[in-house]
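In our numbering, the protein residues as written are 95 to 516.
Scroll down for the structure; my scribbles are underneath it.
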Ligand SMILES: Cc1ncc(COP(=O)(O)O)c(C=O)c1O
């Protein structure tokens, strides 16, 4: 049998990015199946079970036969509950007819960009940011224009930077607060300034607010709370993060009227609808008790404080010891004053080697990255905060770690006799 060459991939695939956290998650799963202990820091999801009353609402809906197609825009009860939730939390009037339900928040990002942008259009997006923004912008053939998030501004942007990037070609501006991956939160003042700039232009806004309920300090501000912005903003939120429902695949958005039909058309062409039993669980999530979700978020705050304190302590210790050596290296190798470097560079055609290359070749100094790797392997180089405390024997410590990482007991939904089902 002769081997025939199969046709190649579509050209647009070369422009489609990915979210690498999913490949790392898959690899971690493989290692776990081999019995390895893995600490999951790769994917942004709560390590909590979905609150029981939400699971029970889904189970009830399944038993009641809510297992068929339903309207692509979402079932009316859920759209009403979402409209009430968004109106309450953003201080605006959201009409249920402007609410759409999707298989997670992600499809709204992708489909909004595809439904809005043509090649040559510019899209401003936060950088660093959730990778799907840039992937979708490039796939649509539009031009990504990155808006830098600055550490000096607690990882939000400078309004002048936003003003500089807005142009007649700007078709869409993506905002994300609280932000992934930095955790930055756009303050009320900066949001007001951004709203003013955006209200004066022609661009649509995609406000990704999936972390709206996960705020550890400060207050949440939405761009739609400002005059005239609800009419030009696709306001995105969902169940994944707030209610530990990442695997249920359910997100929602308040969408200006001209964008409702195009987005529904994308849903009809791709996913059809979100399963009705998932949407009924969503009604329970938004209208039911919030204490489990609140307790989870409080626990995240405690962990955040612990990690930040630990990292700051580690950095301080690193800086005060071995890293002091490390910091001198860029000065010696890469950080030469350009004029001095030019003086020391061999003249064109000369057989003298560049002093920097000589040094690296002779191996007198290692590159900073290599030194960092060495430091990471060298426990003495980064002492523990409680370095003076007596340490437990190794096997006792391992036992402790194993206990901490034991899989959560899965909550079982009780299945009564299937008499009540359809
Ligand atoms: C900023 C941001 N937007 C959207 C999403 C996607 O959320 P969902 O799982 O509901 O699709 C994520 C998930 O990590 C995110 O971090």
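Heads up, the beta-carbon is just placed ideally off N, CA and C, and yes, glycines get one too.
Would a C-beta distance cut-off of 9 angstroms place residue i and residue j closer than the cut-off?
| i | j | result |
| --- | --- | --- |
| residue 195 | residue 345 | yes |
| residue 314 | residue 183 | yes |
| residue 227 | residue 203 | yes |
| residue 300 | residue 207 | yes |
| residue 175 | residue 380 | yes |
| residue 375 | residue 339 | yes |
| residue 168 | residue 373 | yes |
| residue 310 | residue 335 | no |
| residue 110 | residue 233 | yes |
| residue 542 | residue 352 | No statement about residue 542 is possible, as the shown extent of the chain runs from 95 to 516 and does not include it. |
| residue 354 | residue 191 | yes |
| residue 330 | residue 177 | no |
| residue 243 | residue 249 | yes |
| residue 217 | residue 264 | yes |
| residue 139 | residue 369 | no |
| residue 205 | residue 357 | yes |
| residue 119 | residue 137 | yes |
| residue 253 | residue 287 | yes |
| residue 166 | residue 366 | yes |
| residue 87 | residue 124 | Shown here, the chain extends from 95 to 516; a query on residue 87 therefore has no answer. |
| residue 201 | residue 236 | no |
| residue 519 | residue 188 | Within the shown structure, residues of the chain are numbered from 95 to 516, placing residue 519 beyond reach of any answer. |
| residue 225 | residue 392 | no |
For a test of the three-state rule: what should DSSP assign to residue i, helix, strand or coil?
| i | result |
| --- | --- |
| residue 328 | strand |
| residue 336 | coil |
| residue 375 | helix |
| residue 346 | strand |
| residue 250 | strand |
| residue 366 | coil |
| residue 393 | helix |
| residue 406 | helix |
| residue 356 | helix |
| residue 381 | helix |
| residue 133 | coil |
| residue 123 | helix |
| residue 104 | coil |
| residue 113 | coil |
| residue 322 | coil |
| residue 502 | At residue 502 the pLDDT is 42, less than 50, meaning the model places this residue with poor confidence; the figure from the coordinates comes in the next sentence. Of the three classes helix, strand and coil, the one that applies to residue 502 here is coil, per DSSP. |
| residue 128 | coil |
| residue 257 | helix |
| residue 526 | Residue numbering for the chain in the displayed model covers 95 to 516; residue 526 lies beyond these limits and cannot be assessed. |
| residue 414 | helix |
| residue 489 | In this prediction, residue 489 scores a pLDDT of 46, lower than 50, which makes its location untrustworthy; the coordinate-derived value is nonetheless stated afterwards. In this structure, residue 489 counts as helix in the three-state DSSP scheme. |
| residue 316 | coil |
| residue 398 | helix |
| residue 98 | coil |
Quick one: what's residue i bridged to in DSSP?
| i | result |
| --- | --- |
| residue 221 | 242 |
| residue 237 | 216 |
Is there a C-beta anywhere in chain B that falls below 9 angstroms from the one on residue i?
| i | result |
| --- | --- |
| residue 367 | Of the chains in the structure shown, none is chain B; there is only one protein chain. |
Just to confirm, does residue i get its C-beta within under 8 angstroms of one of the non-hydrogen atoms of ligand 3?
| i | result |
| --- | --- |
| residue 274 | With respect to small molecules bound, the structure shown includes ligand 1 and not ligand 3. |
Review point. Where in the segment 138-215 do unbroken runs of the alpha helix (DSSP H), each at least 4 residues long, occur, reported from the N-terminal end onward?
Key: 146-157, 170-184 and 200-210
Exercise for review: List in chain order: all unbroken alpha helix (DSSP H) runs of 4+ residues lying wholly within the segment 261-314.
Suggested key: 282-293
Review point. Any chance the segment 145-163 sits against the segment 268-282, with 3 or more Cβ pairs inside 8 angstroms?
Key: no
Exercise for review: Determine contact between the segment 341-361 and the segment 403-414, defined as no fewer than three beta-carbon pairs at a distance below 8 angstroms.
Suggested key: no
Check your understanding: How do the segment 285-296 and the segment 317-332 stand: do at least 3 beta-carbon pairs fall below 8 angstroms, yes or no?
Key -> yes
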